[in-house]
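Q: Take this structure, written in structure tokens, and hold onto it; I'll ask about it next.
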Amino acid sequence: MTTILITNDDGIHSRGLEVLQKTLAILGRVVTVAPDRDNSAIAHALTMNRPLCLTRRAEDVFTLDGTPTDCVAIALSKVLDAPPDLLVSGINNGANIGDDISYSGTVSAAIEGTMYSVPSMAVSLVGTPPFSFAAAGPIVRDLAGRILDYGLPADTLMNVNIPQQRPIKGLRVTRQGRRIWKQAVQEVHDPWGRLRFWIGGGTPLLDAGKDTDVDAVHNGYVSVTPIHLDLTNHEGISYFREDLDLESWLLPPTGDSETGE
Ligand SMILES: [Mg+2]
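Be aware that the sequence shown starts at 198, since it is given in my numbering, and climbs by one per residue.
Rendered as structure tokens:
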């Protein structure tokens, strides 16, 4: 029987997680292991400084007092008897495009699954509250079915961003663009009048180049980006070696090696 592991970063009470549970049930057994509270923007954090508590809420529904990455790690090692056929993370409240991907707990859960060779998909809804998941469910189900039928390339997850506005114009396979937040640090005062800083809000600076995820969602398309675990800039290797000449930089003088080799 097909087994699908689902998680998110918005927490167990998120509507997006509920939509995932319902929409994927037609494809197989759905096992939920999700954080017990909102973990948005926690990226790929792994909790190593305290023990974690797994709570069974219902048949195949668990919460963890940890991060999305913790949820995947515990699900794969302690909840499931065998690796799942698919991992789906989401549906996130808000887009994960461009630079968002580096901060995203939603995408990081899919990264964690990919590290364990589980075909993994991250799904996010573009826009701001109130979120409408009406269009997202069938799209997620169809994409999940394709992954189950055809698999994914090695070390690659599928990052999906779905616009809320209707009609959705179609689907674009995209590359990661840039979305940098400008003036994202607000000055606020606590009840005693002391200056504090609150990260959030601001204005996104978009670099919505051709074929990017940013460009697709802002033009009303579903964006589907293959994200690779390898963050290496392969063109940078020759720059580091040849232009910066780094490999000869720290060589010990000839005949004076301290390694004794
Ligand atoms: Mg979130």
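All C-beta atoms in this analysis are idealised placements derived from N, C-alpha and C, irrespective of residue type, glycine included. Quick caveat: nothing in here was measured; it's all calculated off a predicted structure.
What residue range does the beta strand (DSSP E) around His425 cover?
A: For His425, the enclosing beta strand (DSSP E) has its first and last residue at 418-425.
Q: Tell me whether Ala222 is buried or exposed, calling it buried when 16 or more other Cβ atoms sit within 10 Å of its Cβ.
A: exposed
Q: Compute the beta-carbon to beta-carbon distance between Ser321 and Gly342, rounded to the nearest angstrom, for a pair I have assumed lies under 8 angstroms.
A: The C-beta distance from Ser321 to Gly342 rounds to 19 angstroms, too long to meet the 8 angstroms contact threshold.
Q: Provide the residue(s) that pair with Asp404 in DSSP beta bridges, ordered along the chain.
A: Arg375
Q: Mind checking Glu439: buried by the 16 CB within 10 Å criterion, or exposed?
A: With fewer than 16 other beta carbons inside 10 angstroms of its own, Glu439 counts as exposed.
Q: Going by C-alpha distance, which of Gly291, Ala333, Val419 is nearest Gly367?
A: Val419
Q: Among residues of its own chain, excluding the 5 on either side of Leu443, which ones have a beta-carbon nearer than 8 angstroms to its beta-carbon?
A: So the qualifying residues of the chain are Phe437.
Q: For the beta strand (DSSP E) containing Ile344, name the first residue and the last one.
A: Here Ile344 belongs to no beta strand (DSSP E); instead the alpha helix (DSSP H) covers 333-347.
Q: So, under 8 angstroms CB-CB, Pro281 and Thr200 are touching, yes? Tell me the CB distance rounded to an integer number of Å.
A: Contact flag correct, Cβ pair sits at about 4 angstroms.
Q: Taking DSSP as the reference, what is the three-state secondary structure of Pro265?
A: helix
Q: Would you check if there are 3 or more beta carbon pairs closer than 8 angstroms linking the stretch 261-274 to the stretch 233-252?
A: yes
Q: Between Arg212 and Gly334, what straight-line distance do the alpha-carbon atoms span, to the nearest angstrom?
A: 12 angstroms
Q: In the DSSP assignment, find the beta strand (DSSP E) that holds Glu432 and state where it starts and stops.
A: Element bounds for Glu432: not the beta strand (DSSP E) but the alpha helix (DSSP H), 431-435.
Q: Mind checking whether the beta-carbon of Cys252 lies closer than 7 angstroms to any heavy atom of ligand 1?
A: The amino acid occupying residue 252 in the given sequence is Thr; Cys does not appear at that position. It does not: the Cβ of Thr252 is nowhere closer than 7 angstroms to a heavy atom of ligand 1.
Q: Would you check if the distance between the CB atom of Ile396 and the CB atom of Val382 is smaller than 8 angstroms?
A: yes
Q: May I ask you to check if the CB of Thr303 is nearer than 7 angstroms to at least one heavy atom of ligand 1?
A: yes
Q: Could you check how far apart the C-beta atoms of Arg226 and Met245 are, in whole angstroms? I think they sit under 8 angstroms.
A: Rounded, the Cβ-Cβ distance is 30 angstroms, inconsistent with contact.
Q: Quick one: is Asn289 buried, meaning 16 or more other Cβ sit within 10 Å of its Cβ, or exposed?
A: Under a 10 Å Cβ-count criterion, Asn289 is classified as buried, with 16 or more other Cβ atoms of the shown protein chains found around its own Cβ.
Q: For the candidate residues Glu432, Met312, Gly374, whose alpha-carbon lies nearest to that of Glu413?
A: Rather than Glu, the amino acid found at residue 413 in this sequence is Ala. Minimum Cα distance to Ala413 is reached at Gly374.
Q: Quick check on the DSSP output: what are the complete alpha helix (DSSP H) runs of length 4 or more inside the stretch 220-300, in order along the chain?
A: 265-271, 297-300
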